[in-house]
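Engineer: Numbered by the numbering used here, the letters in the sequence shown go through residues 824 to 1265 in order.
Please see the structure below; I have some questions.
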Amino acid sequence: MYLLYSIVTLVVFVAASPYFLYQALRHHKYVGSIGQRLGYLPVSFNLDGDESIWVHAVSVGEVLSARPLIADLRARYPKLRVFLSTTTLTGQQLARHSVPDVDAVFYFPFDWTLTARRTLNVVKPRLFVMIETEIWPNLLRECRRRRIRTVMVNGRISYRSYPRYRMIRPFITRVLADIDRFCVQGEETARRLIDLGADPARVTVTGSLKFDSLESSPTPGRGRERVLRFFRMPPNRPVIIAGSTLRGEEEPVVRAFNRVRTAGTNAMLIVAARHPERFDEVERLCRQEGLATVRRSELPIDSEPRADAVVLDTIGELAQLYQVATVVFIGGSLVPAGGHNILEPALYGKPIVFGPYMQNFGEIAETFLANGAAVQVGSEGELEEAMVSLMGDPVRRARVGAAARALVESNRGAKDRTLAVIRDLLPPSDREAVVRPFRVIH
């Protein structure tokens, strides 16, 4: 089965190579990372061959979830180096600039036996930590062979991946046996993992790290002012933020925004497309819909944006920018993509609107809806009505936003529960490193 898996992944890679080449030439993706993806890390990466903890986070969302966990791993295991890998370019950029507690950042290797071995030979992990659902059969099998402990944290099995895993259940059962512990977000994921063959004794519901990855006490101050230096709107100017949108969502959002503007408000729309290669497309769309549009990178500092719409073409600013929102729409939910993270705007007490497709965050979304902490719409028409209603009703906005903030604060603690599992898996050494002074010998 492992040989067949490796052959299939190799065939898929060869078939997809023209796409990768196009992305490299058109959007500069994958340029400079192919060596690391093939397992060739520079010798200077771990020159002394020190043992480490290897944390893998696919993209931006996983990096943000991993950040507080990494800080605690560094404190609890001072003798081990900490390395962080990502799969996507945006994840790599965020990791390099916003995760100070790691010794190095690199690209995750292709899941072939030789590339896995090359990477493990340099990284030398005692513990491999995969954020969310990163099930890589060859790497996990090689970890088992080398007695490297493995743990899935913040784990989830989405509604889309679950049926696919069930189709190859005998193989997945063997792969899951190579993972020592599973720290999962909710009961539904735990049930799915056990159904796929995971040992129930190895599965622990710890909750979502995304709650703990948020700032503990966001208040007006330096963070808010840093964002507002490029968004110097009058305090009473309404702002709609559409975060992590996908193709097919910007048009309904812009039409809903235009409905809001017909009420006579001087509102502003901020659109943050999920994929950077779509920034140009989103800008053209906004202009075609009659909006005076500017990119975030073109905004003058300490000046009010002279535009109806701003395309957020920077990486890592969206979470902070939610502070200035009046209403937030969560992308990936109006088209069948499974939705995106709703916790960042919830932390700031913002009323949240999302579409019918929130399966990737199903348990969290259901909790928010049950507590009146979000608004779900089923169509473009309902989106327009919800936006108009919320923008015209400050009391309702305050009620929904306050419920969202309360849910965030009451659901923290996943990080400590996850660290307890890791401590059982890899007990910290009781002996501290001793630094001995040089002796001068005459």
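All C-beta atoms in this analysis are idealised placements derived from N, C-alpha and C, irrespective of residue type, glycine included.
Apart from the five residues on each side of it in sequence, which residues of its chain come closer than 7 Å, Cβ to Cβ, to R987?
Structural biologist: Here the set comprises nothing.
Engineer: Could you tell me the alpha carbon to alpha carbon distance between G1196 and Q1111, rounded to whole angstroms?
Structural biologist: Note on identity: in this sequence residue 1196 is Ala, with Gly being the wrong assignment. Looking at the two C-alpha atoms, the distance is approximately 34 Å.
Engineer: Inspect the beta-carbon positions of T885 and I958 and report whether they are closer than 7 Å.
Structural biologist: A small correction: the amino acid at residue 885 is Glu; Thr does not occupy that position in the sequence shown. Not closer than 7 Å, so no.
Engineer: For R1099, which option in L1114, T1068, P1128 and E1121 has the closest C-alpha, if you only look at C-alpha atoms?
Structural biologist: Strictly speaking, residue 1099 in this sequence is Pro, with Arg absent from that position. With distances taken between Cα atoms, P1099 lies closest to T1068.
Engineer: Between T973, I1165 and E1011, which lies nearest to F1034 when the distance is taken from Cα to Cα?
Structural biologist: That would be I1165, whose Cα lies nearest to the Cα of F1034.
Engineer: Write down every uninterrupted run of the alpha helix (DSSP H) in the region 954 to 1023 whose length is 4 residues or greater and which is fully enclosed by it, in chain order.
Structural biologist: Correct list: 960 to 968, 984 to 990, 992 to 999 and 1010 to 1018.
Engineer: Using DSSP's beta-bridge definition, name the partner residues of M1091.
Structural biologist: The partner list for M1091 (beta bridge, DSSP) reads V1062.
Engineer: Three-state secondary structure (DSSP) at A1196?
Structural biologist: A1196 falls in the coil class under three-state DSSP.
Engineer: Rank G1236, P1023, G1154 and R1015 by C-alpha distance to the C-alpha of T956 and give the top, closest one.
Structural biologist: Ranking the options by Cα distance to T956, first place goes to R1015.
Engineer: Grab the span of the alpha helix (DSSP H) containing T942 for me, first residue to last.
Structural biologist: It spans T936 to V946 - the alpha helix (DSSP H) in which T942 sits, taken as one unbroken run.
Engineer: How about G914 and V883: do their beta carbons lie closer than 7 Å?
Structural biologist: Yes, these two residues count as a Cβ contact at 7 Å.
Engineer: By the three-class DSSP mapping on this structure, what secondary structure does L896 have?
Structural biologist: If DSSP states are grouped into helix, strand and coil, L896 belongs with the helices.
Engineer: How far does the beta strand (DSSP E) with S1031 in it reach, from first residue to last?
Structural biologist: It is not in any beta strand (DSSP E) - S1031 carries neither H nor E in the DSSP assignment.
Engineer: Does the beta-carbon of H1163 have 16 or more other beta-carbons within 10 angstroms, so that it is buried, or is it exposed?
Structural biologist: Buried, because 16 or more other Cβ atoms sit within 10 Å of the Cβ of H1163.
Engineer: Excluding the five sequence neighbours on either side, which residues of its own chain have a C-beta within less than 6 Å of the C-beta of V1148, listed in chain order?
Structural biologist: A quick correction: the sequence has Ala, not Val, at residue 1148. V1062, I1064 and K1173.
Engineer: Can you grab the Cα-Cα spacing for the pair G1071 / V1158, in whole Å?
Structural biologist: G1071 and V1158: Cα-Cα distance of roughly 7 Å.
Engineer: Is P1260 helix, strand or coil by DSSP?
Structural biologist: Here P1260 scores only 41 on pLDDT, less than 50, and its place in the model is too uncertain to base an answer on.
Engineer: Could you please give the first and the last residue of the uninterrupted alpha helix (DSSP H) stretch that includes F1080?
Structural biologist: Where F1080 is concerned, the enclosing alpha helix (DSSP H) stretches over E1073 to R1084.
Engineer: Could you tell me the alpha carbon to alpha carbon distance between W935 and V837, rounded to whole angstroms?
Structural biologist: Cα to Cα, W935 sits roughly 14 Å from V837.
Engineer: Looking at the unbroken beta strand (DSSP E) that takes in L907, where does it start and where does it end?
Structural biologist: It spans R904 to T909 - the beta strand (DSSP E) in which L907 sits, taken as one unbroken run.
Engineer: So, at 8 Å on beta carbons, what are the nonlocal neighbours of G1030 in its own chain, with the 5 sequence-adjacent residues on each side left out?
Structural biologist: Answer for G1030: Q1008, G1009, N1234, G1236, A1237 and R1240, listed in chain order.
Engineer: Along the chain, where does the alpha helix (DSSP H) containing S1266 start, and where does it finish?
Structural biologist: No statement about residue 1266 is possible, as the shown extent of the chain runs from 824 to 1265 and does not include it.
Engineer: Suppose you measure from the CA of Q859 to the CA of T1190; what does that come to, to the nearest Å?
Structural biologist: Their Cα atoms are separated by approximately 40 Å.
Engineer: If you compare alpha carbons, which of V974, E1208, N1183 and L1242 is closest to V1176?
Structural biologist: Per the Cα distances, E1208.
Engineer: Given that a residue counts as buried once 16 or more other Cβ atoms are within 10 Å of its Cβ, and exposed if not, what is N1059?
Structural biologist: Flag for N1059 reads exposed.
Engineer: Can you give me the C-alpha to C-alpha distance between G1224 and G1020, rounded to a whole angstrom?
Structural biologist: Answer to the nearest angstrom: the Cα atoms are 40 Å apart.
Engineer: Mind checking H879: buried by the 16 CB within 10 Å criterion, or exposed?
Structural biologist: Buried is the call here.
Engineer: Find out if the Cβ-Cβ distance for the pair D1136, F1102 is shorter than 7 Å.
Structural biologist: Against a cut-off of 7 Å, the Cβ pair of F1102 and D1136 comes out as a contact.
Engineer: Helix, strand or coil, according to DSSP, for V1158 in the structure here?
Structural biologist: Coil at V1158, not helix or strand.
Engineer: Nearest-angstrom Cα distance between R1078 and S981?
Structural biologist: When rounded, the distance between both Cα atoms is 31 Å.
Engineer: Quick one: Cα of L1248 to Cα of L1108, how far?
Structural biologist: Each residue's Cα considered, the two are about 51 Å apart.
Engineer: Nearest to V905 by CA position, among V1076, R997, L950 and Q916, is which residue?
Structural biologist: Considering only alpha carbons, the answer is L950.
Engineer: What did DSSP end up calling T1042 once you bin it into helix, strand or coil?
Structural biologist: Bear in mind that the predicted position of T1042 carries a pLDDT of just 43, short of 50, making it unreliable; the figure below should be weighed with that in mind. Coil.
Engineer: From what residue to what residue does the alpha helix (DSSP H) around F1102 run?
Structural biologist: Looking at the DSSP string, the run of the alpha helix (DSSP H) that includes F1102 is F1102 to Q1111.
Engineer: Look at V952 and V976 and say whether their C-beta atoms are less than 7 Å apart.
Structural biologist: Their beta carbons are under 7 Å apart, which means V952 touches V976 by this criterion.
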